[in-house]
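Residues in the sequence shown are numbered consecutively from 68, following our numbering. Think of the CB as a built atom: it goes at the ideal place given N, C-alpha and C, for glycine as much as any other residue. Here is the structure we will look at.
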Amino acid sequence: MKERYLQLDALRGYAIFTMILSGSIAFGNVLPAWMFHAQVPPPTHQFNPQIPGITWVDLVFPFFIFCMGAAVPIAFNKKKASNSDLSVVSIAFRRYVLLIYFALLLEHFKSNKIAENPTHSVLLFSMVGFFLLMLSFTKWSKIFSVKTEQLLNASGFIIGIILLFVFPFNKGKGFNIANSDIIIVVLANMALFGIIIWWFTRQNALLRLGILPFIMAIFLTSKNPNSWNEWIFNLTPESGVYRFYFLKYLFLFIPGTIVGEWLIKSSQITLPLLNQKTTLDLFVYSCFVLLVGNLIFLFNRSLNINLIFTILMLLLIVHLFNKTFNETQLFLKNCVYVGAYCLLLGLFFESFEGGIKKDPSTYSYYFVTAGFSFFSIIIFSLIPQYSWLKSVNQFFTLVGQNPMMAYVVGALFLIPFMKITGLYPYWNSMNTNWFLGFMKGFIFTLIACIITLPFTKKGLVWKT
């Protein structure tokens with residue numbers, strides 16, 4: 068992959084890192100509310116859909132969906148000769164099926180889903196699930212032949228499917244198709260519908276964007292009883308693997324595909340001359356301040372201040388961009404202007420649907436987080452210039468190149484391992500103060516990601 072695409076890996080790696088972190092920090096009354104999803108505040112973490120606002124946790128999934136969309140045109144650009152309507156549709160369905168299998172296996176093999184009080188044998192069996200996923204999804208051709216890779220992948224799938232139907236999962240109740248990892252299920256739907264939409268609109272980005280208002284129309288009219296809109300919205304063969312509701316994330320996936328197309332067309336990002344270093348630094352810092360400021364003001368509900376702050380920051384960012392870069396940097400320029408448009412559109416939607424929320428997600432949430440994604444890809448495009456951030460950026464890049472493994476290793480390997488070895492009570496005892504409560508999650512996340520690094524470096528990545 069050309070170096071100019073590594074910002075996608077880095078942003079994806081950041082998303083995976085923070086996704087694991089947000090689920091492993093201390094829960095209860097140890098950490099402040101902005102360390103969790105805005106709608107599940109401490110100390111009880113009971114879901115309350117009436118609470119508006121977002122936190123850094125609410126950016127994790129949108130960033131990942133955005134990167135997923137950006138990767139689609141890049142992936143298909145590599146093999147133009149073999150692309151046809153039928154082959155692309157079959158690839159989309161194949162990825163959908165593989166990700167649904169992934170979601171089912173992951174959720175069924177979690178030790179707390181197998182038994183109420185997992186024994187050592189149950190914990191070991193949970194770890195078997197990790198190795199089955201590794202067998203099923205790893206690109207073994209880096210060390211074996213293609214035929215051997217196909218044999219290993221097929222063996223993993225067959226064994227996994229047999230175990231799903233034979234082993235008494237769900238605390239003895241057996242296989243349940245509704246028992247699946249919801250995040251992976253949404254990714255599966257994006258792989259199916261997002262890829263097909265992109266392929267048939269690949270020559271016309273405006274037409275692709277034009278599909279979004281029709282999806283919006285179904286959402287807004289689906290509550291009208293006995294309407295065809297309601298019928299389409301509720302139509303599903305199985306709610307555990309498809310719901311029209313999942314298509315809301317196309318509002319992030321489709322803008323992501325446009326970024327991927329920009330990356331393909333753009334030349335290498337050229338840093339300005341040394342005498343422009345100050346304005347470059349201010350440009351990067353301003354993008355970061357824009358994101359942090361919006362999070363703070365939206366969470367604290369300082370909406371009037373946030374709108375004024377955002378407009379002023381966007382004007383400053385545009386000014387600094389024009390002083391720092393020339394017109395050849397179309398990728399950065401497009402991200403600045405489209406990111407500004409999405410962010411402002413999201414803020415203008417803020418009062419609609421009771422304020423910005425991740426759950427139930429609002430249109431303000433889609434547009435604001437899309438704007439955040441554009442500015443985040445700018446930041447990760449320019450981070451490599453800072454030597455003091457080089458190792459951090461490289462770490463996120465490697466994690467982002469193997470996100471499926473990083474996502475799974477904590478639940479199916481690290482937690483069972485800690486429980487078997489007796490380390491789990493010590494780790495769990497860190498729920499005493501804010502510092503240890505955060506370090507509990509940070510250490511866990513760091514170890515989970517570090518486990519993936521040697522596999523990534525050897526090219527043994529999990530792919531669909």
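query                                                                                                                                                                        : result
Give the secondary structure of T519 by DSSP, where H, G and I count as helix, E and B as strand, and everything else as coil.                                               : helix
What are the residues that DSSP puts in a beta bridge with T205?                                                                                                             : W529
Around the C-beta of F415, are 16 or more other C-beta atoms found within 10 angstroms, so that it is buried, or is it exposed?                                              : exposed
In whole angstroms, what is the alpha-carbon distance linking V252 and G413?                                                                                                 : 26 Å
Would you mind working out which of A255, I226, L88 and I375 sits nearest L410, comparing C-alpha positions?                                                                 : I375
F224 and S203 look like a contact to me (Cβ under 8 Å); what is the Cβ gap, rounded to whole Å?                                                                              : 5 Å
I need the boundaries of the alpha helix (DSSP H) containing G90, first residue and last residue.                                                                            : L73 to S91
Taking its Cβ as the centre, do 16 or more other Cβ atoms sit within 10 Å of I372, making it buried, or is it exposed?                                                       : exposed
What is the rounded straight-line gap between the Cα of L532 and the Cα of P451?                                                                                             : Since the first residue of the chain shown is 68 and the last is 531, residue 532 is not available in this structure.
For I158, which residues from the same chain have a beta carbon less than 6 Å from its beta carbon, with the 5 sequence-adjacent residues on both sides left out?            : none
Leaving out five residues before and five after L387 in sequence, what residues of the same chain have Cβ atoms less than 7 Å from its Cβ?                                   : T346, L349, F350 and S353
I think F286 touches K315, with their Cβ atoms under 8 Å apart; what is that distance to the nearest whole Å?                                                                : 7 Å
Let's test the definition: count the other Cβ atoms within 10 Å of the Cβ of K344 and tell me whether it reaches 16, buried, or not, exposed.                                : exposed
On the premise that A82 lies in contact with F131, defined as a C-beta separation below 8 Å, what is that separation, rounded to the nearest angstrom?                       : 4 Å
By Cβ distance below 6 Å, which residues in the same chain neighbour K69 in space, the five residues on each side in sequence not counted?                                   : Only weak support exists for where K69 lies, its pLDDT of 48 falling under 50; the coordinates are left without a value.
Please look up how many angstroms separate the CB atoms of V308 and I167, rounded, as I've assumed it's under 8 Å.                                                           : 5 Å
With 9 Å set as the bound, which would you pick, yes or no: does the beta-carbon of L513 sit closer than that to a beta-carbon of chain B?                                   : The structure shown contains no chain B; it is built from a single protein chain.
Between the stretch 457 to 473 and the stretch 89 to 96, are three or more C-beta pairs nearer than 8 Å?                                                                     : no
Between the stretch 102 to 114 and the stretch 482 to 492, do at least 3 Cβ pairs fall closer than 8 Å?                                                                      : no
At the level of alpha carbons, what is the spacing between F442 and V459?                                                                                                    : 19 Å
Got a sec, what are the start and stop residues for the alpha helix (DSSP H) D248 sits in?                                                                                   : That residue, D248, is in no alpha helix (DSSP H); it is neither H nor E in DSSP.
Am I right that F447 and A77 are in contact with their C-beta atoms under 8 Å? What's the rounded C-beta distance?                                                           : 5 Å
Put M380 into one of helix, strand or coil per three-state DSSP.                                                                                                             : helix
Out of S89, N293 and C402, point me to the one whose CA is closest to T512's CA.                                                                                             : S89
Count the other C-beta atoms from every protein chain shown that fall within 10 angstroms of the C-beta of P322, then say buried if there are 16 or more, exposed otherwise. : buried
Where do the ends of the alpha helix (DSSP H) carrying Q217 lie?                                                                                                             : V213 to V233
Would you mind stating whether L73 and I141 have Cβ atoms separated by less than 9 Å?                                                                                        : no
Is it right to say K525 is buried, meaning 16 or more other beta carbons lie within 10 angstroms of its own, or is it exposed?                                               : exposed
Could you compute how far the alpha carbon of F198 sits from the alpha carbon of K177?                                                                                       : 13 Å
So is A137 buried or exposed if we call it buried at 16+ other beta carbons inside 10 Å?                                                                                     : buried
Please report the residue range of the alpha helix (DSSP H) in which W494 lies.                                                                                              : Y491 to N495
Determine whether the beta carbon atoms of E99 and P427 lie at a separation below 9 Å.                                                                                       : With the sequence shown as reference, residue 99 is identified as Pro, and Glu is not the correct amino acid for it. Not closer than 9 Å, so no.
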